[in-house]
Every structure is written in structure tokens, then in C-alpha cells.
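Numbering (the numbering used here), first residue to last: -11 to 618. C-beta: ideal position from N, C-alpha, C; glycine also. Since the structure is predicted, the reported quantities are computational estimates derived from the model, not experimental observations.
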């Protein structure tokens, strides 16, 4: 069947569709049905099943005779090392670490906070928790003590599993001082901490609390897999909240297994045994879904990459990894490719590497502008597929179902909704708008398996944050439109749609125009307050490396481009050249923060920001425009 037939099959019989998909999972007790809607809008999937995630990700492949197959490749340009771990080796490491936890009282439903760098042991820790039915909460390694403390107090973990340090291109970050700072601030205290010591910066362990990972695992009794109910939480992943208090997104076990298993062939078009690489971090949802769980559930080899797209050592690192490890399907964020393009605009560094085995590049995490997609297509000579999803959904809302049927690419669109997602474009009153009309993107309930059933200990917050604006719908927080062919176009976050003299305009559309300028490597547009028009767009331009043209000329050309392509209605006349944009550690541009900086408003610096000093650079760049405060 093609995409339309598959999607229509789901529409006609959602229950049958997901029960069929569930056949790919090994169940201790199979589900009697797919959807449990007794407690709507808190829907559950496969709730009466019994299953274990670790068994499905590791043990069943060993039992099927694939123990020698490589499960994880750790490629670490920051340490100059590469490691290969087979499924049999992974099973032993996971079972022994689970034994360490179980011997100290960690069991079904207990929480474990994981605070690790990008090493295979981070995946081992996640799977060890899943093996026991413990609920892990991964916090990005190196996160500030206060943010770690907030998550400790919310999750109330029995244990913390941490690395001794993280390694960046220019520095080593000791984790133990950050952990000590968090525990000094937190009300809740874990029973113990397991510390994975790294040679680059070993931690001083506290007697009675801290356990050396290597020593404990060496003598541990391997623990078996513990079956859990289908609706048992697999993990909690904290995402930023508008109040400053993070939201604990919960992922239920059975739906997570079924949905992620379905995606690997149908969306990413890989078969068991092939190499899949998601260049992300285990602290983010992409790392959860597509470094740890989905590839292993499907029997793939997953690359764990400890480096950066540029600077480790250069902008050719991605090409080396793809070539050396035979990557078939590659997933990263558009911002990574903008960084590579900025350093190597002509794509010369790829010439030293044979990436002919790669089938496709998948982009997500932020809107992929046409200029970046076209550059990647030209340099890599493979299809480039934008796709769109969220921390909350855990897997693709809209994408190109290449394993079912590759659909024509429309640059700028993530293509079409996946089965399970009934996506609508709504106006402020909740009415569906015609094709081509900008509106709020919402998904008709119930959400499919693998998405969030709620927030950790915060059901009312779940209702108010996602379900309150449009009755019967999940509000994505994104704005966009559908075209006549049913393709989705994600234009901006809802709060990035600005109102200029009564005209609702997408900042994303303006960014597309600016990104097309030959000297612009990366850009962002935000709305700033204006006494006459209500709001005005302000553009921030990062230029290609080696560009020596006067900045005033480039700004004038960019203003003219927006006027020509979008029209005078955009009132685009404010723009500045900056060296870099403020981003989260996962690469998302902090547009709302930039708008507050421009307006001189009081603000809380986001905990997820990669480098707070960038905000001062932004202020300095826009002061000549009359913005940024005194």
C-alpha cells in the first residue's frame, strides 16, 4: 500500500491498525485492545498488556541469534576514540548495572535521575532502569545545579547515575561539583549515586553515598527483565515550561514500544542490522527515541556521537562518521547544517569522504529553511527530508513516509501527517480554516501511541497547557497551514506569529527570505513592540565565514528582499548582523528570549541556553537601532 492507503486504513480502523503494529513487539501478556479511553482525555494504549522495554531492545535480539551484531558505536572525536558494543555485550552490561541498582533497592516504579555525557554508558543506564521497571529521568549532562535540583525534587529519585565529567571541544566539565550543588539545594535526597569515572576528570566519591560504576558492575549479579503494565511510565523527560517550572513529559511503556518500532522502517526506511545515526544527545527527546530506544527495538546499530558538527576537529566530522561507520539513515537538526555551511560554504570537506552508502538525511528540531535543505541536497547528493515532531509526541507528527512510499519533497514542508495524527489548522475560535490559510496547528484527540498521556504529577497542568484552548484537540503551540495536497507547512511557534498593523505575519516566512541571501548563513526574526504598528519584525543575521562585505550593504539587501518577496505589509526595516544566535544546547534558537532582550524587558535567562554571554552580544548589536535597553 502507498501512503494514502495506509493513512486511510488507520482512519477507518485505528484500533485494528495499532493492534497490527503491536505484533512486532514481544509481549509477556499481549494487549486485549489498543485504546483505553475510560479516563479521557487521559487516554492509554495497550494498558492491559505486560511487557518489558529492555527485553525488546536487547534480549530478544540476542535470543534470536544476533548477539554478535553491533548495537552501539561510540564515536568520540573529543577523546579520539571509537568503541563498538555488540548486542550480547550490551545485554551483559545492562543486566549487571540493573543488578547494581536492584541490590540497593531500586525496583518497579522507582525513579532514577541520569546525568551523563554522550557515552554508551548513558544508554546502558537508561536500559538498566527499563529492565527493572524503574522510571528514568535523563537530565542533560552539565545542566546547572539549580535546574538539576528542580528535577530531583520533582521526580524524587531513589538513585542518581552520573558521569564524572563531560568533554567539550575546548574544556572539560566536572559533573560532581554540579551534582553537589544540586543536592545542597534540593529538598529530596537520593539513597545513593552511581558514578561512571572518566579518565579525563575522575570524581572524588563521597563514602556512604557514591558508588564507583566499574567496581560495582564487575561484581554484580545480572538482573532479569521485569514485565510491567502497558501504561507503566517508561521515563520522565523535562521540557521547558512558560512559568520557569519544567514540565515532566511522561512516556508510557507499551505505546512507546509500538510507535517507535513502527517508525524505523516506515519513516526512516532502515532494516534490522543497518546503521542509523541520530546526531543528538540523550538529554533530549531525539536522544531518547532515536539514539537509545527505536534503533535497538528494531535491531539496528545506533551511533552515539560525542562531538560537534564543527570544531571536532572541523566541519567535515559528520561526513567522516557517515563514511567510516556505513550510516544508512542520518537524523540531525537544521542548525547543525547551518553551522557546517557557514564554515564550509562550498562543501569542499565532503570530497575526502565516501558517503555513497547514505540513503537520506532527516532534519527536525527546528524549522528547516529552504536554503539549508538545498545546500544539503547539493553537497550530499541524497534526499533531504524535513519532518516535524515535539518532545511531547516522542515521534513524527508529519514527515515523509519513505519506507511506505517516498512522497515528492516540497521544500519548506515536513510533508504529511503520519497515521495516528489527525492534524487540523484552526482559527482563534477553533474553526478549521481553508487550505493556504495560516492558523494554529492542533491534533484531534486521542493522540497516538507513544505520545504523552500526561505530565508527571501534574494532570491539571497537562489540561491547561495542551487541551484547554481547543475542545477535543491537543494544541501543538505551532502555527502553519495545509496546502491543497494536504502537505503541512510549519511557519512558527504560535507566539512567533506577529501582528503588524493588524496583519498576522509569520516570522518563519521572513526567515526563509533572509536565509536565501548568499551571504547569510543563519538568521532569526522576532517581533518587537512598536507604538504605531503594534509589532515590528526584527532580523538577526549571521554571515558566512570569510564574508568581508560591509554589513550595512548586506542589511540593506536583506530589507529589500523581504519587501520584494513578502511585501511592504511586513514593515521589515530592523536588522542587525551578529556573530551568533542564542540557542539551547539542542540547537533551537531562543526567539522569545531575543524579543525580550530587544525590548529591554525583564527576563529570566533560560536554563537551556548554550551560552548566556550571547545575549549581551545581541544587546550591543541592536542598540544602534534603538533597541536592547540602555
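- In the DSSP annotation of this structure, residue 472 is not part of any alpha helix (DSSP H), being labelled neither H nor E.
- One Cα belongs to residue 477, the other to residue 104, and the distance between them is close to 36 Å.
- Rounded to whole angstroms, residue 392 and residue 357 show a C-alpha spacing of 25 Å.
- For residue 451, there is no enclosing alpha helix (DSSP H), since its DSSP letter is neither H nor E.
- Counting the other Cβ atoms within 10 Å of the Cβ of residue 442 gives 16 or more, which makes it buried.
- Shown here, residue 101 sits in a strand according to DSSP, grouped into three states.
- Note on the region 473 to 514: whole beta strand (DSSP E) runs with a minimum of 3 residues are 476 to 481, 485 to 488 and 491 to 494, in chain order.
- Residue 438 sits away from residue 353, with the two beta carbons spaced by 7 Å or more.
- Assignment of residue 582 by DSSP, reduced to helix, strand and coil, places it in the helix class.
- Here the alpha carbons of residue 565 and residue 541 stand approximately 11 Å from one another.
- When DSSP states are grouped into helix, strand and coil, residue 318 belongs to the strand group.
- Annotated three-state conformation of residue 412 is strand, per DSSP.
- Looking at 587, 15, 604 and 573, the one whose alpha-carbon comes closest to that of residue 132 is 573.
- For the options 65, 613, 365 and 162, the alpha carbon positioned closest to that of residue 150 is the one of 162.
- Between residue 263 and residue 315, the CB-CB gap stays under 7 Å.
- Per DSSP, residue 540 is one residue of the alpha helix (DSSP H) stretching across 539 to 553.
- The alpha-carbon of residue 128 is positioned some 7 Å away from that of residue 270.
- Residue 343 has its alpha-carbon roughly 37 Å from the corresponding atom of residue 543.
- Residues of the same chain with a CB within less than 6 Å of the CB of residue 444, apart from the 5 flanking positions on each side, are 224, 236 and 238 in chain order.
- Counting the other CB atoms within 10 Å of its CB gives residue 508 a total of 16 or more, which places it among the buried residues.
- Restricted to the region 352 to 406, the alpha helix (DSSP H) segments that are unbroken, complete and at least 4 residues in length are 358 to 368, listed in chain order.
- The beta carbon of residue 204 sits closer than 7 Å to those of 88 and 182, all from its chain and outside the five residues before and after it, given in chain order.
- As computed with DSSP, residue 204 is found in no beta bridge at all.
- When the alpha-carbon of residue 548 is set against those of 536, 561 and 275, the nearest one is in 561.
- For residue 348, the closest C-alpha among the options 368, 330 and 359 is that of 368.
- A contact is defined here as three or more CB-CB pairs under 8 Å, and the region 243 to 252 fails this definition with respect to the region 113 to 122.
- Beyond the five residues adjoining it in sequence on each side, residue 283 comes within less than 6 Å, by CB distance, of 264 and 290 in the same chain, given in chain order.
- At least 7 Å separates the beta-carbon of residue 485 from that of residue 300.
- Taking C-beta atoms as the reference points, residue 24 and residue 35 count as a pair closer than 7 Å.
- A buried status is given to residue 19, since no fewer than 16 other beta-carbon atoms sit within 10 Å of its beta-carbon.
- With distances taken between CA atoms, residue 175 lies nearest to 144 out of 144, 226 and 510.
- In this structure, residue 249 and residue 12 form a Cβ contact; the two beta carbons are roughly 5 Å apart against a cut-off of 8 Å.
- Within the DSSP bridge table, the entry for residue 126 names 102 as partners.
- The beta carbon of residue 510 lies closer than 6 Å to those of 326 and 530 in the same chain, with the five residues before and after it left out.
- The shortest CA-to-CA distance from residue 172 to any of 138, 160 and 202 is the one to 138.
- Annotation for residue 108: the continuous alpha helix (DSSP H) segment containing it runs 108 to 120.
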